[in-house]
Ligand SMILES: NC(=O)c1ccc[n+]([C@@H]2O[C@H](COP(=O)([O-])OP(=O)(O)OC[C@H]3O[C@@H](n4cnc5c(N)ncnc54)[C@H](OP(=O)(O)O)[C@@H]3O)[C@@H](O)[C@H]2O)c1
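In my numbering, the protein residues as written are 89 to 365.
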């Protein structure tokens, strides 16, 4: 993959997505999200915090051209009966008939049958088109990929942590991807909660990389379809979008961001522990 501006097919869903996805947690305005989607960042994820301004952007874009955006709703629910009401309220709030993905968030083991049945029912009803799972237990994914390879997976896409500090997925996830048709792969925590951009966390004499280098790091891995960003404002959105223009990291840029990543890994604890880190 030498050009980040070209959309990719997400697994076998048939959906075409821009390489930079946008999460709603950090507060960018409706206009900022709409403009970014129109410039190709068409994967919009209403989670982990469902901010109203982000939901409005999803609705406005969908009304203009529903097929041009890929919309994801997340549920952290462990109670099967709570999933449908939460998705239905969100459909009404956004003003769409379906979400492209229901993301079952933060599963450190395979979700139980009751929960999967509730999610699959929403799929049968046409309220969501596909299922996705996120995990903070990366080693779990090898078994999920095995299930996918047998054609038995309820999930079309998987999401997990990958950044220049936490590169464990290179050992415990990517080598286990099926040789045949692959699931879609999304990654998050690309800036490591901003640590990779913090002058106080740099090795002596080093200045922080631009945020776009964090997204370029994740997207330079051939297994990653979409890297998520979490813009708080227009300037952060612009900087994230710059990753698409700048393309894959050059060898010296990779060497530098990995050196910074190694330094941070040893000295600054993660905000949340991931199994496999
Ligand atoms: N389901 C799950 O298990 C899961 C797990 C992790 C994340 N997520 C979600 O994934 C989405 C993306 O989150 P993320 O943490 O991966 O996003 P991210 O882009 O790696 O991090 C966002 C943080 O980086 C900072 N930042 C981003 N761009 C910047 C820039 N240009 N200059 C300076 N600082 C910048 C922001 O700092 P300030 O806030 O200080 O401005 C913000 O705190 C969110 O919706 C999040 O909730 C979901």
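The C-beta atom is built at its ideal place from N, Cα and C for all residues, glycine as well.
Could you compute how far the alpha carbon of residue 175 sits from the alpha carbon of residue 184? 11 Å
Looking only at C-alpha atoms, which of 143, 163, 101 and 94 sits nearest to residue 269? 101
Separation of residue 138 from residue 157, as counted between CA atoms: 17 Å
DSSP-derived helix/strand/coil call for residue 218: strand
Once the 5 residues before and after residue 306 are set aside, which same chain residues still bring their CB inside 7 Å of it? 250, 251, 275, 278, 312 and 315
Could you please give me the residues that DSSP links to residue 133 through a beta bridge? 111 and 160
Pairwise C-alpha distance: residue 351 and residue 368: Since the first residue shown for the chain is 89 and the last is 365, residue 368 is missing from the structure and cannot be characterised.
Does DSSP put residue 101 in a helix, a strand or coil? coil
Identify every run of the alpha helix (DSSP H) within the segment 228-287, keeping only runs that are complete inside it and at least 4 residues long; order them along the chain. 229-237 and 257-260
On the DSSP letters alone, give me the boundaries of the alpha helix (DSSP H) that residue 155 sits inside. Premise fails: residue 155 is in no alpha helix (DSSP H) and is neither H nor E.
Any idea if residue 215 is buried or exposed, counting beta-carbon neighbours within 10 angstroms, 16 or more meaning buried? buried
Does the distance from the C-beta atom of residue 147 to that of residue 112 stay below 8 Å? no
Quick one: measure Cβ to Cβ for residue 332 and residue 93, integer angstroms, because I've assumed they're closer than 8 Å. 5 Å
With a threshold of 7 Å on Cβ separation, who are the neighbours of residue 256 within its own chain once the five nearest residues in sequence on each side are excluded? 226, 364 and 365
Using 8 Å as the threshold, is the C-beta distance between residue 110 and residue 317 below it? yes
Kindly indicate which three-state DSSP category residue 187 falls into: helix, strand or coil? strand
Among 263, 361, 253 and 355, which has the Cα closest to the Cα of residue 280? 253
How long is the line joining the alpha carbons of residue 287 and residue 342, rounded to whole angstroms? 18 Å
Residue 337 by DSSP, collapsed to three states: which one? coil
What are the boundary residues of the alpha helix (DSSP H) that residue 204 is part of? 201-212
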